[in-house]
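Enquirer: First residue of the sequence shown? That's -15 in my numbering, and the numbers climb one at a time after it.
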Amino acid sequence: MSTLVVFESFWGNTATVAQAVADGIAGPVEVVGVADAPTPLPHDVDLLVVGGPTHAFGMTRAGTRRDAVKQGGEAGHEETGIREWLAALAPVPGLDVATFDTRAAAVRRLPGSAARGAARSVSHTHLGRVVDTESFYVDDKDGPLLDGEVERARAWGRTLRS
Ligand SMILES: Cc1cc2nc3c(=O)[nH]c(=O)nc-3n(C[C@H](O)[C@H](O)[C@H](O)COP(=O)(O)O)c2cc1C
């Protein structure tokens, strides 16, 4: 059985967290950007880890993705984010799902996180069983990740298949 880590990222911070989480997970792990993420999931995937940047208190939308690109984020995947990708998946019996996001540390007390939005989507569509949800923090919209967050992401990854 194997793990698939799917992420979206405009300045690379969520991509860095995705790789760190993957580094912590035991066994075979594939890390893939959402634009290249498979639909349906490969049959051997029993743990899905999905993460994205928090935009406007939740998962990205086409409009927030365009805003991110206008603000200097990487262009090319404005059409599909984790919101759309998750919504297109049918329920997978026995699938565990963990969700994460990156968020601005300055507004960490504000409610709303892409990770929680993704978890709600997974529950709503019965895609799988949500096993954990975590946030990692950036200093500003383009990063960098706060000190220690990459190590925390790796440690979180270790907990997901233990
Ligand atoms: C359009 C837009 C909306 C955002 N909204 C929020 C928000 O509601 N809460 C928050 O904590 N961060 C917000 N941010 C900051 C992002 O979370 C930050 O850019 C992201 O973590 C960086 O990850 P990336 O490099 O993987 O894109 C927003 C950023 C953009 C561009």
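Beta carbons: idealized from backbone N, C-alpha and C, even for Gly. All figures in this text were calculated on a predicted structure; none of them were measured in a lab.
1. Hey, would you say the C-beta of A21 is under 8 Å away from at least one heavy atom of ligand 1?
2. Count the CB pairs spanning the segment 4 to 12 and the segment 132 to 140 that are closer than 8 Å, and state whether there are at least three.
3. Cα-Cα, which of V106, I66, A19 is closest to D116?
4. Check whether the Cβ atoms of V18 and G56 lie closer than 9 Å to each other.
5. Could you tell me whether the Cβ atoms of G127 and E58 are closer together than 9 Å?
6. Taking Cβ positions, are P12 and R87 nearer each other than 9 Å?
7. When the Cα atoms are used, what is the spatial distance from V(-11) to V34?
8. Given this structure, state the Cα-to-Cα distance separating G8 from V16, to the nearest angstrom.
9. Less than 8 Å separating the Cβ of F84 from some heavy atom of ligand 1?
10. Considering only heavy atoms of ligand 1, does any lie closer than 8 Å to the CB of Q55?
11. Give a yes or no on whether the C-beta atoms belonging to G60 and G112 are separated by under 9 Å.
12. Is the closest heavy atom of ligand 3 to the C-beta of L111 under 8 Å?
13. Report the three-state DSSP secondary structure of G56 (helix, strand or coil).
14. Is it the case that the CB of T64 approaches a heavy atom of ligand 1 more closely than 8 Å?
15. Considering only the beta carbon of each residue, do A103 and G42 sit closer than 9 Å?
16. Candidates E68, T109, L31, L32: which alpha carbon is nearest P75's?
Expert: So, from the data block:
1. Reading the sequence shown from its first residue, position 37 is the one you call residue 21. Incorrect: A21 has no Cβ contact closer than 8 Å to ligand 1.
2. yes
3. On the sequence shown, residue 116 is found 132 positions in, with the first residue counted as 1. It is V106.
4. The count along the sequence shown starts at 1 and reaches residue 18 at position 34. The count along the sequence shown starts at 1 and reaches residue 56 at position 72. Their beta carbons are not under 9 Å apart, which means V18 does not touch G56 by this criterion.
5. For the purposes of this step, residue 127 is taken as residue 143 along the sequence shown, with counting starting at 1. For the purposes of this step, residue 58 is taken as residue 74 along the sequence shown, with counting starting at 1. It is not a contact, given that the beta carbons lie outside the stated cut-off.
6. Here residue 12 refers to the residue found at position 28 when the sequence shown is read from its first residue. Here residue 87 refers to the residue found at position 103 when the sequence shown is read from its first residue. For P12 and R87, no; Cβs fall outside 9 Å.
7. Here residue -11 refers to the residue found at position 5 of the sequence shown. Here residue 34 refers to the residue found at position 50 of the sequence shown. Using only the alpha carbons, I get a separation of about 6 Å.
8. Residue 8 sits at position 24 when you count from the first residue of the sequence shown. Residue 16 sits at position 32 when you count from the first residue of the sequence shown. Approximately 16 Å, taken between the alpha carbons.
9. Here residue 84 refers to the residue found at position 100 of the sequence shown. F84: no, Cβ never under 8 Å from ligand 1.
10. Within the sequence shown, numbered from 1, the residue matching residue 55 stands at position 71. Under cutoff, so the answer is yes.
11. In the sequence shown, residue 60 corresponds to position 76, counting from 1. In the sequence shown, residue 112 corresponds to position 128, counting from 1. No.
12. Ligand 3 is not among the ligands present in this structure, which contains only ligand 1.
13. Walking along the sequence shown from the start, residue 56 turns up at place 72. Three-state DSSP puts G56 in coil, outside helix and strand.
14. Sequence index remark: in the sequence shown, residue 64 carries index 80 (1-based). No; taking the cut-off as 8 Å, the Cβ of T64 has no heavy atom of ligand 1 nearer than that.
15. If you number the sequence shown from 1, residue 103 lands on position 119. If you number the sequence shown from 1, residue 42 lands on position 58. Cβ atoms of A103 and G42: not closer than 9 Å.
16. As a working mapping, residue 75 is identified with position 91 in the sequence shown. Comparing Cα positions, the closest option is T109.
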